[in-house]
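Below you'll find the structure, written out as structure tokens, and then a few comments.
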Amino acid sequence: MYTQKIMLTLFLFIVLLTGCGLETKTFTEFYKNDLKDVTKIQVQDGSTGYSKITTDKKVIDEFLSEIKDVQFIPEENQEDRVGFLYSITLYEDEQMTFIFTENEVTDYYYYTEPDIYPIVDSFYKNLKVEEE
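Here our numbering is used: position 56 in the sequence shown is 56, and no number is missing along the way.
Below, the structure is given as structure tokens:
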């Protein structure tokens with residue numbers, strides 16, 4: 001009887017651990033709202049601290065179209081890290097709705113397929129607005 005209780009407890013513990021694992025998701029799966037409702041994007045360059053903001057709906061829709069199917073695949077190593085290359089913040093009107101970096105979403109670390117860095121880097125560098 002005692003052995004059965006230990007085995008049952010061990011089995012439940014293993015089930016709980018495996019049930020809490022991170023899974024691969026697309027950007028669209030992370031963003032719970034409708035991407036069509038995004039009205040502003042702010043991108044911060046982690047190396048300079050400067051940001052660029054756009055409210056141009058055409059530019060926003062093109063960028064979101066490029067990243068919507070990017071897959072975020074959980075990194076095996078989830079130890080804390082410092083710094084980022086770019087931080088992206090999405091808004092609906094003046095309400096911040098989502099913030100992520102090229103390798104971190106909701107406090108977990110990911111790599112992306114395809115690599116999101118070149119998409120965000122190009123977006124930031126080609127955005128025709130002043131850095132703030």
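All C-beta atoms, glycine included, are put in the ideal place defined by N, C-alpha and C.
Which residues mark the beginning and the end of the alpha helix (DSSP H) in which residue 47 is found?
Note, residue 47: premise wrong, no alpha helix (DSSP H); not H, not E.
Which whole-angstrom value is the C-beta distance of residue 70 and residue 27, which I expect to be below 8 Å?
5 Å
At the level of alpha carbons, what is the spacing between residue 63 and residue 39?
12 Å
Does the distance from the CB of residue 102 to the CB of residue 91 come in under 7 Å?
no
Measure the CB-CB distance between residue 124 and residue 43 and report whether it falls below 7 Å.
yes
Applying the 10 Å Cβ sphere with the 16-neighbour rule, what's the burial state of residue 19?
Caution is warranted here: a pLDDT of 40 is assigned to residue 19, below 50, making its placement in the model unreliable, and the coordinate value is therefore given only provisionally. Looking at its Cβ environment, which holds fewer than 16 other Cβ atoms inside 10 Å, residue 19 is exposed.
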